[in-house]
Amino acid sequence: MRGDAPLSTGEVARYCGVSPGAVWKWVKKGRLKAYRTPGGEYRIERGAFKAFLRENDLPVDPSFFARPVKRVLIIDDEPTIVEVVVRAVQQLEESIEVATAADGFEASLQIATFKPDVLILDLMMPHIDGFEVCRSVRRNPSTAHIKILIITAFGIHENIERALALGADDFVHKPLNIPALLDKVEQLLDAA
Numbered sequence: 011m012r013g014d015a016p017l018s019t020g021e022v023a024r025y026c027g028v029s030p031g032a033v034w035k036w037v038k039k040g041r042l043k044a045y046r047t048p049g050g051e052y053r054i055e056r057g058a059f060k061a062f063l064r065e066n067d068l069p070v071d072p073s074f075f076a077r078p079v080k081r082v083l084i085i086d087d088e089p090t091i092v093e094v095v096v097r098a099v100q101q102l103e104e105s106i107e108v109a110t111a112a113d114g115f116e117a118s119l120q121i122a123t124f125k126p127d128v129l130i131l132d133l134m135m136p137h138i139d140g141f142e143v144c145r146s147v148r149r150n151p152s153t154a155h156i157k158i159l160i161i162t163a164f165g166i167h168e169n170i171e172r173a174l175a176l177g178a179d180d181f182v183h184k185p186l187n188i189p190a191l192l193d194k195v196e197q198l199l200d201a202a
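So for the sequence shown, our numbering puts the first residue at 11; every next one is plus one.
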């Protein structure tokens, strides 16, 4: 199970040493925030459960709430852009590891060894461009799950459409709007 996945009433019950019925009553009385799945089952976000534990002076096991480390690979041939994006992404949270690559060839090596969850990928690079990186990531079953955020100075609609058709998940334009970039990175990390 992912370290940030929502919890079932059974998982909350096991943690607290109570029956699932007791958890259901906490939810019904509004003491524990939950939502219903399309199948009608209750799910509890980890943050809501942690708040519930604190409000009720119950023990909080840090290992139970530890978030898995997420990895972001930044691929751009402009060192200034790489530096700005690295600094921005590192501010998101402690559980993010960042690596960089200056072109598509180096990116291929980093993807194989670093095993990123998200790529932040420039389209126009020497040697192997961002389009080819997208294509190769999506074609390989061991990397097809990686989320791809395109960054491009070329706002040409056809280039963005082509990148999205090749498997990119989203895009941002250069010059970078850092808050917008970080919003998109967070969304992709949550989905990874």
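Ideal Cβ positions, reconstructed from N, Cα and C, are used throughout, including at glycine.
The alpha-carbon separation between residue 60 and residue 73 amounts to approximately 12 Å.
Close CB contacts of residue 125 within its chain, under the 8 Å cut and outside five residues either way in sequence, are with 81 (chain order).
In the DSSP assignment, residue 157 forms a beta bridge with 128. Residue 193: member of the alpha helix (DSSP H) spanning 188 to 201, first to last residue. In the DSSP assignment, residue 84 falls within the beta strand (DSSP E) that extends over 80 to 85. Bounds of the beta strand (DSSP E) holding residue 110 are 106 to 111. If you ignore the 5 residues before and after residue 111, its C-beta comes within less than 7 Å of the C-beta of 83, 85, 117, 120, all in its own chain and listed in chain order. Taking C-beta atoms as the reference points, residue 42 and residue 54 count as a pair closer than 8 Å.
Less than 8 Å separates the beta-carbon of residue 52 from that of residue 19.
A Cβ-Cβ distance of about 6 Å is found for the pair residue 131 and residue 160, placing them in contact under the 8 Å criterion. By the Cβ-count criterion, residue 200 is exposed, with fewer than 16 other Cβ atoms from all chains shown falling within 10 Å of its own Cβ. Spatial neighbours of residue 196 in its own chain (CB-CB distance under 7 Å, excluding positions within 5 residues in sequence) are listed in chain order as 102. Counted as a single uninterrupted DSSP element, the stretch harbouring residue 41 is not any alpha helix (DSSP H), since DSSP gives it neither H nor E.
Per DSSP, residue 138 is not a residue of any alpha helix (DSSP H), being assigned neither H nor E. DSSP, reduced to helix, strand and coil, places residue 147 within a helical segment of the structure shown.
Within the same chain, Cβ atoms closer than 8 Å to the Cβ of residue 99 are found at 82, 84, 106, 108, 130, 192, 195, the five residues on either side in sequence being excluded. For a cut-off of 8 Å, the C-beta gap from residue 198 to residue 169 is around 20 Å, too long to register as a contact.
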